[in-house]
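Heads up: the sequence shown begins at 1420 in our numbering, then just goes up one per residue.
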Amino acid sequence: MSILKQWKGVNGYMIRDPGTFFSEYDETHGAGYPLAFMLLSFLATMLPFAALVMLFNLASPADAAIGIVVALIFGIVAWIFGVIEALVAHVIASLFGGRGASLTLEAYAFPTLIRSGLWWLPVIGWATGFYGWYLQIKGLAAFHDISTGKAVVAAVIAVILYIPAVIIIAAVIAAFVLDLGNPPETQPAMLLLDVLA
1420 MSILKQWKGV NGYMIRDPGT FFSEYDETHG AGYPLAFMLL SFLATMLPFA ALVMLFNLAS
1480 PADAAIGIVV ALIFGIVAWI FGVIEALVAH VIASLFGGRG ASLTLEAYAF PTLIRSGLWW
1540 LPVIGWATGF YGWYLQIKGL AAFHDISTGK AVVAAVIAVI LYIPAVIIIA AVIAAFVLDL
1600 GNPPETQPAM LLLDVLA
């Protein structure tokens, strides 16, 4: 079965009956499957943004193309941050007896569309975001056979530690991006050599 077909089926379960899904899910995958699933979900969450950019730039196809590329880049960046959050949650869950990083990645990947799908709607997006986070916690508890309380602790600590990680990564990237294109400045030692010469 293709990943797109599985993606549609799992997201249908996440919307209709996540409790049954988490209790009956017994497949084993490596880390690649949940990573691909999560990437597909984050790219899907950027479709409304890409559609709006394209709609508002019909007169300028170049701007529309740039907007679509930016939407895809945002999806990839969101995926990277989602993976970081899941890995931090896995470290905490493993302290409580959780096993297998791929299980944590699956717990975080499957509700990604619920958690991030409506990010662009202020109040509704927040509500579905919290509900998606709740589903990720339920997935952690079910897949790792740990209590819901321990899964909550792992998820909360992951969010708390994830935010500084995102800030640090964004600062490093911004430092590189903002430094590009500036002409090199003369260093003080070079100025001293010019004076002596």
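Virtual Cβ for every residue (Gly too), placed ideally from N, Cα, C.
Predicted, not measured: the structure shown is a model, and the values here were computed from it.
Straight-line spacing of the CA atoms in Ile1533 and Val1596 works out to 32 Å.
The C-alpha of Asp1482 is placed about 42 Å away from the C-alpha of Val1510. Restricting attention to Phe1493, Ala1528, Val1472 and Gly1544, the CA atom closest to the CA of Lys1557 is found in Ala1528. With respect to His1563, Ala1512 sits close: the two C-beta atoms are nearer than 7 Å.
Under the three-state reduction of DSSP, Ser1535 is assigned to helix. Here Thr1464 is buried, its C-beta having at least 16 other C-beta atoms within 10 Å. The alpha-carbon separation between Gly1486 and Leu1554 amounts to approximately 31 Å.
In the displayed model, Asn1476 falls within coil according to three-state DSSP, outside both helix and strand.
Ile1485 carries a helical assignment under DSSP once its states are collapsed to helix, strand and coil. In the three-state reduction of the DSSP assignment, Leu1524 falls in the helix class. By the CB criterion at 7 Å, Ala1497 and Ala1469 fall outside the cutoff.
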